[in-house]
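Only one structure is covered here, and it is reproduced in the block below.
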Amino acid sequence: MSTDQALTRLVLLRHGQSIWNHEGRFTGWSDVALSVRGEVEAKQAGSILKQCGFTFDVCFTSELKRAQHTLALIQSAMQLDQLPVYRDWRLNERHYGALEGLRRLEAVRKFGIWPILSCQLCSDAIPPMLTTEDPRAPANQMRYASIDRACLPLAESLLQTMNRVQPLWRDTILPEIRQGKRLLIVSHKNLLKTLVMQLEGLTPWQVIRLPITTGKPLCYELDIQLKPIRRYYLTAPDSQSFRTQG
Ligand SMILES: O=C(O)[C@@H](CO)OP(=O)(O)O
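Right under this line is the structure:
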């Protein structure tokens with residue numbers, strides 16, 4: 007990373023722990039609430055951001071309540087309730103298809119070990135898909151009625167997830183950052199990995215080991231070319247490592 011002066015800061019945040027994170031279930035586009043711990047994590051993230059002197063001009067989040075609720079709790083902790091918030095389905099988590107709702111072991115019993123392992127290790131592997139008639143398929147849900155059905159997945163590889171968010175990243179998010187706006191993006195583990203790949207020019211293999219922990223603000227300082235100068239996780243100012251280099 008270069009040492010030029012920062013144009014702006016961008017904060018990426020995975021929502022607080024959800025009930026299915028806690029139970030070890032594949033979640034994807036299933037709309038699951040935060041757990042009690044998840045709510046605490048979200049409030050703590052807001053208070054750490056505030057204590058570290060962060061503020062924002064615009065927030066982006068997904069169509070899923072675990073991300074939206076996290077963002078609302080952060081805004082409230084930072085007393086930034088009036089900020090403009092853009093919700094977009096393209097910031098939803100990778101769609102896990104027929105794996106959604108299953109625990110790891112249940113999924114292996116149902117589909118075999120390789121389909122489960124490959125979709126976690128290979129960036130182009132697609133999990134077992136939902137059928138088009140399945141009520142869980144996004145095209146059968148009212149909330150996605152305004153989206154072109156051809157764009158809505160039945161399951162996604164990591165690369166398909168990256169391709170789906172690309173137009174939003176290129177045409178909406180990057181222009182806001184170029185104007186010097188301070189952005190907070192509250193989204194999901196795999197979706198955030200695809201943003202990290204694009205920001206840092208990493209391969210899926212390089213990003214696979216990057217921990218995207220629930221409720222931990224990942225801060226980027228960007229130069230005028232929008233290249234990352236520094237990346238770090240924010241922790242409470244009174245803890246030993248105020249800034250942890252990522
Ligand atoms: O969908 C899921 O199972 C998890 C991990 O991929 O994502 P999230 O960040 O939404 O908990």
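Using this note's numbering, you'd call the opening residue of the sequence shown number 7 and step up by one each time. Beta carbons: idealized from backbone N, C-alpha and C, even for Gly.
Discussion item. Please report the distance separating the alpha-carbon of LEU18 from that of ARG142.
Written reply: For this step, residue 18 is matched to residue 12 along the sequence shown. For this step, residue 142 is matched to residue 136 along the sequence shown. Distance between the alpha carbons of LEU18 and ARG142 is about 28 Å.
Fill in: Contact set for LEU79: own chain, Cβ-Cβ below 7 Å, skip 5 residues either direction
Position 73 of the sequence shown holds residue 79. Excluding sequence neighbours, LEU79 sits near GLU45, ALA48, LYS49 and GLY52.
Discussion item. For HIS21 and ALA83, which I take to be in contact (beta-carbon distance under 8 Å), what is that distance rounded to the nearest angstrom?
Written reply: If you number the sequence shown from 1, residue 21 lands on position 15. If you number the sequence shown from 1, residue 83 lands on position 77. Not confirmed; about 14 Å, so no contact.
Fill in: Beta-carbon proximity list for TYR226, same chain, < 6 Å, skipping 5 on both sides
Against the sequence shown, residue 226 aligns to sequence position 220. Shown here for TYR226: same chain residues with a beta carbon closer than 6 Å to its own, the five before and five after excluded, namely LEU16, PRO234 and ARG237 in chain order.
Worksheet item: For PHE66, which residues does DSSP report across the bridge?
Response: As a first step, residue 66 is located in the sequence shown; it is residue number 60 there, counting from the start. Its beta-bridge partners are TYR92 and ILE191.
Worksheet item: Just curious, the alpha helix (DSSP H) that ARG149 is in, first and last residue?
Response: The residue you call residue 149 lines up with position 143 of the sequence shown. Neither: ARG149 is in no alpha helix (DSSP H) and is coded neither H nor E.
Fill in: GLU69 beta carbon less than 8 Å from that of ARG149
As a working mapping, residue 149 is identified with position 143 in the sequence shown. As a working mapping, residue 69 is identified with position 63 in the sequence shown. Taking 8 Å as the cut-off, the Cβ atoms of ARG149 and GLU69 count as close.
Discussion item. In the DSSP output, which residue or residues are listed as bridge partners for SER24?
Written reply: Looking up residue 24 in the sequence shown gives position 18. Here SER24 is bridged, per DSSP, to LEU40.
Discussion item. Since LEU40 and HIS75 should fall inside the 8 Å C-beta cutoff, what is the C-beta to C-beta distance between them, to a whole number of angstroms?
Written reply: Residue mapping note: residue 40 aligns to position 34 of the sequence shown, counting from 1. Residue mapping note: residue 75 aligns to position 69 of the sequence shown, counting from 1. That belief holds up - the Cβ atoms of LEU40 and HIS75 are roughly 5 Å apart, short of 8 Å.
Discussion item. Does ILE54 come out as helix, strand or coil in the three-state DSSP assignment?
Written reply: The count along the sequence shown starts at 1 and reaches residue 54 at position 48. Three-state result, ILE54: helix.
Worksheet item: What residue from ALA145, SER129, ASP177 and LEU77 has the CA that sits closest to GLN166's CA?
Response: By one-based count along the sequence shown, residue 166 stands at place 160. Selected option, being the one with the closest Cα: SER129.
Worksheet item: Just the Cα atoms here: how many angstroms apart are TRP35 and GLN57?
Response: As a position in the sequence shown, residue 35 is number 29, starting the count at 1. As a position in the sequence shown, residue 57 is number 51, starting the count at 1. Cα to Cα, TRP35 sits roughly 33 Å from GLN57.
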